[in-house]
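K.L.:
Note that this note's numbering numbers the sequence shown so that position 103 is 103, with each residue one more than the last.
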Amino acid sequence: VYSEALTTSIVLAGSGAIIIWAVVATRYGMPISLTHGLVAGLVGAGIATSGSKIIVWGVLVKVLSAVGIAPLLGLSGGFLVMVAIMWLFRRAAPEKMRGVFSNLQILSAAFLAYSHGKNDGQMPIGLIAMALMVYHGYGEFYIPFWAVVVSAASISFGTLIGGWRVIKTLGLKVTTLRPVHGFAAEASAATVIEVASHFGIPVSTTHCITTAIMGVGATRRLSAVRWGIARNIVLTWILTFPACAILGWIIASILKLAF
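So, in structure tokens, the structure goes:
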């Protein structure tokens, strides 16, 4: 949405849409992209409020392209990194590999968390900045430091108390993971996210790590991946954009009638 066309209703409807969708998805343990859901919610809210003319279609195409490309990169990256590790450690004892990669996975998890904050973590900061811009008028785009702190704390707290159903899906249901598999998936997913962040492209950590886990699992055999679970996850991703757009449109329409 063009910045000069933003209104309080659009911001509230867009954020409300992704909150509702995230609560439903988390309830069923389905990982989704909050960033892409917010974009969809804003699109739906913008169209309901002022029509399609206020939508920045070029940016929307860029976001939608990333929705398709990033998971493919995560899948192929996880597969290739795992194949490389298997070749490099082909003569290593399983116990030794477990010990080495148990420690390395701490680093790869930290790398993934860092890349997540660098890309996905900007979403709530941007949302706060949008709200402040609407409230104070359309002057210079400014992000106060407290917005960064609040966003970081909220993401961390939400992960701590509310993410266990999703963690269970990714960690236990997609495929059987050992430390070496976790390292390969996290390292490849984080690398994809880092590259996307460098070019200013919003991608989903969820998409990247989920497909990387699938790629890692496929190195053992295709049947090692529970494709039924994978299908449900991908279906949820596909539904995220239209669902959030419709929710954003509905909420914005209600606000428009009410105010």
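Note that CB positions come from ideal geometry on N, CA and C, so glycine has one too.
Could you spell out the range, first to last residue, of the alpha helix (DSSP H) harbouring proline 31?
P.N.:
Taken as a continuous stretch (DSSP letters only), proline 31 belongs to no alpha helix (DSSP H), as it is neither H nor E.
K.L.:
Using 8 Å as the threshold, is the stretch 52-72 in touch with the stretch 215-229, meaning 3 or more CB pairs across them?
P.N.:
No, because fewer than three Cβ pairs between the stretch 52-72 and the stretch 215-229 fall closer than 8 Å, the two stretches do not touch.
K.L.:
Hey, glycine 51 and glycine 248 are a contact pair by Cβ (cut 8 Å); roughly how many whole angstroms apart?
P.N.:
With 8 Å as the limit, glycine 51 and glycine 248 do not qualify as a contact, their Cβ atoms being about 14 Å apart.
K.L.:
Quick check: serine 65 and histidine 207, are their CB atoms within less than 7 Å of each other?
P.N.:
It is not a contact, given that the beta carbons lie outside the stated cut-off.
K.L.:
Sort Ser154, Ile18, Arg27 and Ala92 by Cα distance to threonine 169 and report the nearest one.
P.N.:
With distances taken between Cα atoms, threonine 169 lies closest to Arg27.
K.L.:
Ignore the nearest five residues each way along the sequence and tell me which others in valine 180's own chain have a CB closer than 7 Å to its CB.
P.N.:
Excluding positions up to five away in sequence, the list reads Ile85, Met97 and Phe101.
K.L.:
Is it right to say threonine 8 is buried, meaning 16 or more other beta carbons lie within 10 angstroms of its own, or is it exposed?
P.N.:
Burial call: exposed.
K.L.:
Can you tell which of Ala17, Met130, Arg90 and Ala93 has its C-alpha closest to the C-alpha of tyrosine 2?
P.N.:
The shortest Cα separation from tyrosine 2 among Ala17, Met130, Arg90 and Ala93 belongs to Met130.
K.L.:
Where valine 276 and proline 71 are concerned, what is the direct C-alpha to C-alpha distance, given to the nearest angstrom?
P.N.:
Here the chain comprises residues numbered 1 to 259, so residue 276 is not present and cannot be evaluated.
K.L.:
Output yes or no for whether 7 Å exceeds the beta carbon distance between serine 197 and lysine 118.
P.N.:
Contact: yes.
K.L.:
So does the stretch 16-26 actually touch the stretch 235-246, counting three or more Cβ pairs closer than 8 Å?
P.N.:
As far as the Cβ criterion goes, the stretch 16-26 touches the stretch 235-246, which means the pair count is three or higher.
K.L.:
Measure the Cβ-Cβ separation of threonine 205 and phenylalanine 79 and say whether it is below 7 Å.
P.N.:
Contact: no.
K.L.:
Identify which residue in Gly137, Phe157, Leu132 and Ser156 has its Cα closest to the Cα of phenylalanine 145.
P.N.:
Comparing Cα positions, the closest option is Leu132.
K.L.:
Measuring alpha carbon to alpha carbon, tell me which of Thr35, Gly14, Thr191 and Pro31 ends up nearest proline 202.
P.N.:
Comparing Cα-Cα distances from proline 202 to each of Thr35, Gly14, Thr191 and Pro31, the minimum goes to Thr35.
K.L.:
By the three-class DSSP mapping on this structure, what secondary structure does phenylalanine 259 have?
P.N.:
DSSP places phenylalanine 259 in coil when its eight states are reduced to three.
K.L.:
As a quick exercise: from Lys53, Val149 and Ile250, pick the residue whose alpha carbon is nearest that of glycine 14.
P.N.:
The option with the nearest alpha carbon to glycine 14 is Ile250.
K.L.:
Suppose contacts are defined by Cβ-Cβ distances below 7 Å. Is valine 192 in contact with proline 31 by that definition?
P.N.:
It is not a contact, given that the beta carbons lie outside the stated cut-off.
K.L.:
Note down the Cα distance separating phenylalanine 89 from isoleucine 106, rounded to an integer number of angstroms.
P.N.:
The alpha-carbon atoms of phenylalanine 89 and isoleucine 106 are separated by roughly 19 Å.
K.L.:
Between the Cα of valine 39 and the Cα atoms of Val149, Glu4 and Met123, which residue gives the shortest distance?
P.N.:
The residue with the shortest Cα to Cα distance from valine 39 is Met123.
K.L.:
Is it buried or exposed, threonine 49, if we count other Cβ atoms within 10 angstroms and call 16 or more buried?
P.N.:
With 16 or more Cβ atoms within 10 Å of its Cβ, threonine 49 is classed as buried.
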